[in-house]
Amino acid sequence: MPAVTLSEITRTFPGSPKPALEGVSTEIHRGRIAGLVGPDGAGKTTLMRLMAGLMKPDAGTLRVFGHDPVREAAALRGLVGYMPQKFGLYEDLTIQENLTLHADLRGLVGAERRTTFERLLTFTDLARFTDRLAGKLSGGMKQKLGLACALLGTPKLLLLDEPGVGVDPISRRELWRMVRELSGEGIAVVWSTAYLDEAERCDDVLLLNEGKTLFSGTPAELISRASGGEDGKRPRFEDAFIGLLGGAPAGVSPLTGILRDIPRDGSTVIATRDLTRTFGDFTAADRITFEVKRGEIYGLLGPNGAGKSTTFRMLCGLLAPTSGHAMAAGIDLRHSPAQARQRIGYMAQKFSLYGLLTVAQNLAFFSGAYGLGGRAQREAMAAVTDCFHLGPYLAAKADSLPLGFKQRLALACAVMHGPDLLFLDEPTSGVDPVTRREFWSHIKAAVARGVTVMVTTHFMDEAEYCDRIGLVYRGRFIVNGTPAELKRQAGAETMEEAFITLVEGSGL
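So the sequence shown is numbered by numbering that gives the first Met the number 0: it starts at 0 and just counts up by one.
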């Protein structure tokens, strides 16, 4: 008997013009990892919540180990583990307190609770950190704690909703090791993901778009449907995925017509020397030194908690360094941080939009913050509205936007004032591959106009777009060079392999 059977599942939410899921059918089997993939808004989380018994379908039949997960929830008690997006943790509780709370909810008591805690803390390597607040954990450690909470009660079906979002390659590799081990013990795993390299590692794949099934089968079967890859290379899983969705965005980004032309004069746009930032006795950035030239795409990579965002915030003039020197857009940040900010565009992690303001209000606020007013402000707002197709959403609250449109709005807010320099902090985290390719077409258009770009990312294929890369680990720069140089230095074929090899071989 399959672990999960879905037959013609349909679910519509009140007020929505279209179903979140429509006629979805598939089977999920024990001892296999099923990848659940699709663009933003495809219905992945809705399907996860249905399998977890948190809502009922409007039509169709859903069975988990032969039971209806809502009407026969008691029969499935302890058999289903669910890790929601962002791991479902209470950040003001410690690791131990999170486990205790979830154990209480599962009815796990006495000797069984103690044995389970010991087993899971050892399995996830969290035993040394039980008194640490969840809010103080790195992304990788939050990921492990979320998995441990989902595994309380020894489930036979494990539902993981985008567990790799915002997590570095080393942490994702460790999670895959643990999940493969669980699958080998006969557990059925459903892994929802925006990372197609993760989907390709799954045994089976269900591809959704606008609530409907586009493909159900193995990754190899999906790749066999692709006619050709990007730039004429051998087709990859991503190419097959994008092909089924109708192809990648074509043509040149209209951002080319908005931004002014900045001469590529070989000048240094970013320069740091011994840049350091401490928080109490913790050193987040330790004597960081590097330079970025005009018109470069410079990637700042590193594991979660390595110091990337701290370095970004110092270079944007948003955080004062403890010691050392930094120059951005030709301006010394010690003396004129406000002046530098007028020439910088900054797109923060999770986009830092004002969720209760409308799209139009966000555009007005950020353009004003960058010094635009009057006619110049109105023209800039109109230009980015057209460029990023935001017109239908101008009256919508930013919080209500699909993730891909939040990303467009955040980039629009960052480029309205025509910056010399763009800082992009994990700008594509959580968005689907079609949206990511569209986003990078905009970035390449900005660079073609002479804009300098500094970007952090956990997508190692995006690192290949960078002219040069700096790798940060535990607050220190450990290597700096082109993607080809880093792969050569690590003896690796891919950037992900190079990243892992260089970090683990750093000796820090």
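Backbone N, C-alpha and C define an ideal beta-carbon position, used for all residues, glycine too.
Computed from a predicted model, the values in this text were never measured in an experiment.
Leaving out five residues before and five after residue i in sequence, what residues of the same chain have Cβ atoms less than 6 Å from its Cβ?
{"i": "L159", "result": "M82 and W190"}
{"i": "V471", "result": "G301, A305, G306 and K307"}
{"i": "D398", "result": "G354"}
{"i": "L362", "result": "M380"}
{"i": "Q95", "result": "T129"}
{"i": "K486", "result": "A497"}
{"i": "E26", "result": "P1 and T4"}
Give me the residue from the options with the minimum Cα distance to residue i.
{"i": "G474", "options": "M326, V430 and T275", "result": "T275"}
{"i": "K292", "options": "E173, V358, A219 and L421", "result": "L421"}
{"i": "A2", "options": "D67, D57, G40 and K143", "result": "D67"}
{"i": "L157", "options": "G139, E180, G138 and M415", "result": "E180"}
{"i": "T456", "options": "H101, T153, G323 and V164", "result": "V164"}
{"i": "L119", "options": "H101, G390, F128 and A147", "result": "A147"}
{"i": "A413", "options": "R342, F476, P432 and E503", "result": "R342"}
{"i": "T123", "options": "S505, R105, L98 and E111", "result": "L98"}
{"i": "N208", "options": "P391, G245 and L174", "result": "G245"}
{"i": "G323", "options": "S351, G344, A347 and F289", "result": "F289"}
{"i": "L213", "options": "G373, A239 and L243", "result": "L243"}
{"i": "A102", "options": "A347, P16, P56 and P154", "result": "P154"}
{"i": "A339", "options": "M346, Y345, A347 and C315", "result": "C315"}
{"i": "A58", "options": "L136, S6, R70 and V79", "result": "S6"}
{"i": "M415", "options": "R224, I257 and R172", "result": "I257"}
{"i": "F281", "options": "A72, Q348, K135 and K85", "result": "K135"}
{"i": "A72", "options": "K85, S505 and M50", "result": "M50"}
{"i": "V454", "options": "G417, L410 and P432", "result": "L410"}
{"i": "G210", "options": "K85, Y89, M47 and E90", "result": "M47"}
{"i": "S351", "options": "M54, K405 and K55", "result": "K405"}
{"i": "L525", "options": "D273, A382, I186 and A325", "result": "Since the displayed the chain opens at 0 and closes at 507, residue 525 lies outside it and no answer follows."}
{"i": "G480", "options": "R113, I296 and P262", "result": "I296"}
{"i": "P262", "options": "A395, R448 and L507", "result": "R448"}
{"i": "Q84", "options": "R70, H28 and A149", "result": "A149"}
Anyone know if the C-beta pair for residue i and residue j falls short of 8 Å?
{"i": "G298", "j": "I468", "result": "yes"}
{"i": "D167", "j": "P302", "result": "yes"}
{"i": "K143", "j": "A133", "result": "no"}
{"i": "A19", "j": "T60", "result": "no"}
{"i": "L510", "j": "H441", "result": "With the chain covering 0 to 507 only, the question about residue 510 has no answer from this structure."}
{"i": "L317", "j": "T309", "result": "no"}
{"i": "G367", "j": "Q360", "result": "no"}
{"i": "D203", "j": "R31", "result": "yes"}
{"i": "F236", "j": "L174", "result": "no"}
{"i": "G145", "j": "G109", "result": "no"}
{"i": "G22", "j": "T11", "result": "no"}
{"i": "L100", "j": "L92", "result": "yes"}
{"i": "Q348", "j": "D424", "result": "yes"}
{"i": "L75", "j": "F64", "result": "yes"}
{"i": "A193", "j": "E220", "result": "no"}
Would DSSP call residue i helix, strand or coil?
{"i": "G231", "result": "Unreliable positioning characterises G231 in this predicted model, as indicated by a pLDDT of 47, which lies under 50. The coordinate reading is nonetheless provided below. It is helical."}
{"i": "S170", "result": "helix"}
{"i": "D398", "result": "helix"}
{"i": "I257", "result": "coil"}
{"i": "H324", "result": "strand"}
{"i": "T456", "result": "coil"}
{"i": "T309", "result": "helix"}
{"i": "E7", "result": "strand"}
{"i": "Y392", "result": "helix"}
{"i": "D537", "result": "It is not possible to answer for residue 537, since the shown part of the chain is limited to 0 through 507."}
{"i": "L366", "result": "Just to set this straight, residue 366 is Ser in the shown sequence, not Leu. Correct three-state label for S366: helix."}
{"i": "D466", "result": "coil"}
{"i": "K141", "result": "helix"}
{"i": "F64", "result": "coil"}
{"i": "M54", "result": "coil"}
{"i": "L352", "result": "coil"}
{"i": "F278", "result": "strand"}
{"i": "F116", "result": "helix"}
{"i": "D238", "result": "helix"}
Once the 5 residues before and after residue i are set aside, which same chain residues still bring their CB inside 8 Å of it?
{"i": "T277", "result": "A283 and T321"}
{"i": "R435", "result": "T427, F458 and E461"}
{"i": "G14", "result": "none"}
{"i": "G231", "result": "Because the pLDDT of G231 is 47, which lies under 50, any placement of that residue in the model is unreliable, and the question is left without a value."}
Using C-beta distances below 7 Å, list every residue in its chain close to residue i, excluding the 5 sequence neighbours before and after it, in chain order.
{"i": "V251", "result": "A444"}
{"i": "P482", "result": "A462, E463, C465, I468 and M494"}
{"i": "L402", "result": "D39, G429 and V430"}
{"i": "R105", "result": "G77, L151 and G152"}
{"i": "S182", "result": "G30, R31, I32 and V188"}
{"i": "F532", "result": "A query on residue 532 cannot be resolved here, the shown segment of the chain reaching from 0 to 507 and no further."}
{"i": "A126", "result": "L120"}
For residue i and chain B, any beta-carbon pair shorter than 8 Å?
{"i": "A147", "result": "Within the model displayed, chain B is absent; a lone protein chain is all it includes."}
- Message: If contact is defined by three or more beta carbon pairs under 8 Å, each pair taking one atom from either stretch, is the segment 315–334 in contact with the segment 261–276?
- Response: yes
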